[in-house]
Structure formats: structure tokens, C-alpha cells
Amino acid sequence: MSRTTSGDFQKTSGWLDWFDGPAKPRFQLPAGAVDAHCHVFGPGAEFPYAPERKYTPCDASKAQLFALRDHLGFARNVIVQATCHGADNRAMLDACVASGGKARGVATVRRSVTDAELLAMHAAGVRGVRFNFVKRLVDFTPKDELMEIAGRIAQLGWHVVIYFEAVDLPELWDFFTALPTTVVVDHMGRPDVSKPVDGPEFELFLRFMREHSNVWSKVSCPERLSVTGPKALEGEQAAYRDVVPFAQRVVQAFPDRVLWGTDWPHPNLKDHMPDDGLLVDFIPHIAPTAELQHKLLVANPMRLYWPEEQ
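In terms of UniProt numbering, the sequence shown opens at residue 1 and continues consecutively.
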């Protein structure tokens with residue numbers, strides 16, 4: 001089923017729409033599970049896409065996100081600001097407010113953001129800001145500006161989410177390790193899973209986490225990292241096997257600093273669009289025990305995003 005983009009927007013050519021009618025997961029999520037990485041897109045007629053965006057997605061509304069949450073068995077969401085909306089956080093904030101406390105947000109802000117705007121975002125549910133270093137998705141923001149933002153949001157108890165690719169970690173190391181907040185890495189720093197799990201590139205990432213106790217990692221997005229599959233489609237119960245050793249190593253080494261999310265509606269996938277129900281069935285492969293699953297899906301995200309309930 002092809003979806004349109006509303007308002008005066010035309011979807012990027014070749015855009016893959018999110019999977020319609022996902023399976024009911026076989027893996028039963030623990031009570032209170034949090035989808036700690038997902039997005040909303042528009043709808044463009046209500047929340048226009050940013051002029052400086054690098055892609056135009058199909059619409060993916062808060063109502064559709066919350067329906068997926070309930071279908072998969074999650075209790076809560078963490079909604080991460082999508083790059084197609086730039087620093088206009090209105091769609092994400094609107095979804096957080098509409099969730100009735102069941103969603104928290106991660107914003108994108110510029111140096112010009114006022115203290116009053118930050119406080120308003122906090123009241124709406126924002127608990128972090130995202131810094132994106134993936135060059136094909138965003139234009140470069142000077143590091144001194146990012147460090148200034150990090151210092152300001154630290155006073156609110158927020159954290160910084162960083163998105164980068166494994167090959168760029170050495171040059172970003174000094175900046176990341178100077179951040180004054182909890183630091184959450186998106187998708188394990190996008191390792192090249194065709195390289196050995198015990199090779200120098202992934203070992204550098206593990207060292208980054210080992211030497212800096214403020215660094216957390218999302219062990220999400222196997223559909224972005226997998227080279228050999230198989231894909232999470234048509235009932236596949238052992239999807240993305242080549243990613244499992246990497247994610248499993250992070251979960252086992254740092255069980256109190258890992259998060260998981262669907263990444264719905266999966267922006268910028270080129271190869272295929274996964275069934276979100278089968279993505280949930282990936283979780284027990286990387287967190288094989290009930291204790292690890294509870295930390296990954298409940299205890300850790302609640303401690304980070306809903307600390308007042310702990």
C-alpha cells in the first residue's frame with residue numbers, strides 16, 4: 001500500500017513506505033516495555049517538512065505510531081526528532097503531549113533556542129537532544145555550538161543522543177568524551193557487520209563504552225546494519241543473523257546501559273521495509289534471558305526517560 005505525503009510535498013523518488021499490517025510478535029514483551037527509538041513524520045499538511053531537509057518522507061502520524069505501539073505490545077514510546085523536520089520540533093512535541101504521558105521526546109535544537117523554549121519542551125516531555133554526524137543526512141553543525149547546547153540542556157537533566165558511523169568514531173572521540181551529559185549512541189554507532197565482531201573497529205566502540213560510564217547504546221536497527229540478512233519479512237524468525245553477535249555483545253557487556261527501539265517508520269531504507277512485528281522477534285536473539293530483556297526494554301528506558309516514576 002503506497003502512502004502519500006500531504007500538503008505541498010512530494011515524496012522522495014523511490015521512497016519505501018512503512019510496512020502495512022505488521023505481524024503480531026511471537027515474543028511477548030515484558031509489561032511496561034518502551035519502544036525507545038521511533039519517529040513521527042508530519043503529516044505535512046499540519047507540520048510542514050523543513051526547507052533544508054535531505055529527503056521527503058511519506059506521512060507517519062502520531063495516531064499511526066500509537067496504534068503500532070498497542071499492536072506490538074509496547075506501553076510507551078520515545079519519539080526522536082526526524083531530520084526531515086530539522087529543528088522544528090512541533091510534530092514530535094504534539095505527539096508527546098497527545099500521548100498522555102506515554103511518550104517522551106528527543107529534540108533537535110539550535111544555539112538560538114531560548115531558555116523558555118527549552119522549559120516548554122521539558123514540560124511537553126522532551127528529555128534529550130540529538131546530534132547527527134551522518135553527513136548524507138544533515139549539514140555540519142559546528143562542535144562549539146553543539147557543546148554550548150549540551151551545557152545548557154545538562155542543567156535540565158537531559159541527555160545527548162549521537163548518530164554517527166563507525167568509521168568516524170576516531171575523529172569524533174574527543175568531542176563525544178567531553179560531553180557533560182549521559183550520551184546515548186544510536187544503533188551501536190552503525191558498525192560494519194561484515195567485519196569481525198572482535199575486530200579493531202567494533203572493539204573501539206566497546207572501549208568507548210567501557211571507559212566512559214555515561215555512554216549508553218541503542219542496539220536497534222538491525223535492518224539498517226545487516227549485509228546478509230535474512231530480512232524481517234514473511235514470518236522470518238531469525239532475521240538479520242549477521243547483526244546478532246554485535247548487539248548481543250553490547251547487551252551482555254553493558255546490560256544497564258542499553259535501549260531498543262523499532263525505528264518506525266524506518267526513514268531512508270533503500271533495500272526493503274521490515275515487518276515491525278518480526279523486528280520485535282529479533283529481541284530475544286540479542287537479549288536471551290528475561291533479566292536482560294527487562295533491563296533493555298523496561299528498567300533502562302524508564303530510568304532515563306521517566307526517572308520520577310522510579
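Note that the Cβ used here is the ideal one computed from N, Cα and C, for glycine as well.
Check                                                                                                 : Outcome
Local conformation of Gly-128 per DSSP, three classes                                                 : strand
8 Å CB neighbourhood of Cys-96 in its chain, flanking five on each side removed                       : Ile-79, Ala-103, Arg-104, Gly-105, Ala-124, Gly-125, Val-126
Residue of Gly-42, Gly-32, Pro-25 minimising C-alpha distance to Ala-3                                : Residue identity differs from the one stated: residue 3 is Arg in this sequence, not Ala. With distances taken between Cα atoms, Arg-3 lies closest to Gly-42.
Whole-Å CB distance - Phe-133 paired with Pro-191, under 8 Å assumed                                  : Their Cβ separation, rounded to whole angstroms, is 15 Å, which puts Phe-133 and Pro-191 out of contact at 8 Å.
Inter-residue spacing [alpha-carbon to alpha-carbon] between Asn-89 and Val-40                        : 10 Å
Continuous alpha helix (DSSP H) stretch holding Asp-276: start and end                                : 276-280
Contact under 7 Å by Cβ, Asp-59 with Ser-99                                                           : no
Short Cβ contact (7 Å threshold) for Val-258 with Ser-226                                             : no
Three CB pairs or more closer than 8 Å across the region 167-185 and the region 203-216               : yes
Bounding residues of the beta strand (DSSP E) (the contiguous stretch that carries Asn-300)           : Here Asn-300 belongs to no beta strand (DSSP E); instead the alpha helix (DSSP H) covers 300-305.
His-159 in three-state terms, based on DSSP                                                           : strand
Selection from Pro-307, Glu-308, Thr-289, Lys-231 that minimises the alpha carbon distance to Asp-275 : Lys-231
For Pro-284 and Val-129, the rounded distance between their alpha carbons                             : 29 Å
His-294 vs Trp-18 beta-carbon contact at 7 Å                                                          : no
Which of helix, strand or coil DSSP assigns to Val-78                                                 : strand
Proximal residues to Asp-168 (C-beta, below 7 Å), its chain only, five neighbours per side dropped    : Phe-133
Inside the region 33-86 only - alpha helix (DSSP H) runs reaching at least 4 residues                 : 62-72
Best match in Val-193, Met-92, Glu-145 for proximity to Gln-248 [C-alpha to C-alpha]                  : Val-193
Rounded separation between Val-243 and Glu-203 - CA only                                              : 15 Å
DSSP-derived helix/strand/coil call for Gly-229                                                       : coil
Nearest residue (CA-CA) to Gly-199, options Leu-65, Ala-91, Ala-166                                   : Ala-166
Candidates Pro-22, Arg-69, Leu-16: closest to Gly-261 by CA position                                  : Arg-69
Contact set for Pro-22: own chain, Cβ-Cβ below 8 Å, skip 5 residues either direction                  : Leu-68, His-71, Leu-72, Asp-275, Asp-276, Gly-277, Leu-278
Inter-residue CB distance, Leu-206 and Val-251 (contact presumed, cutoff 8 Å)                         : About 12 Å; that fails the 8 Å criterion.
Cβ neighbour criterion (16 or more within 10 Å) applied to Leu-119                                    : exposed
Any alpha helix (DSSP H) of 4 or more consecutive residues that is wholly inside the region 239-287   : 244-253, 276-280, 283-286
Beta strand (DSSP E) segment containing Arg-104, residue limits                                       : 103-107
Opening and closing residue of the beta strand (DSSP E) in which Trp-216 lies                         : 215-218
Distance between Gly-101 and Leu-93 (C-alpha atoms, nearest Å)                                        : 12 Å
Paired residues, beta bridge with Val-184 - DSSP                                                      : Val-161, Trp-216
Per-residue burial, Lys-270 [other beta carbons within 10 Å of its own, 16 or more giving buried]     : exposed
Contact under 7 Å by Cβ, Val-161 with Leu-179                                                         : no
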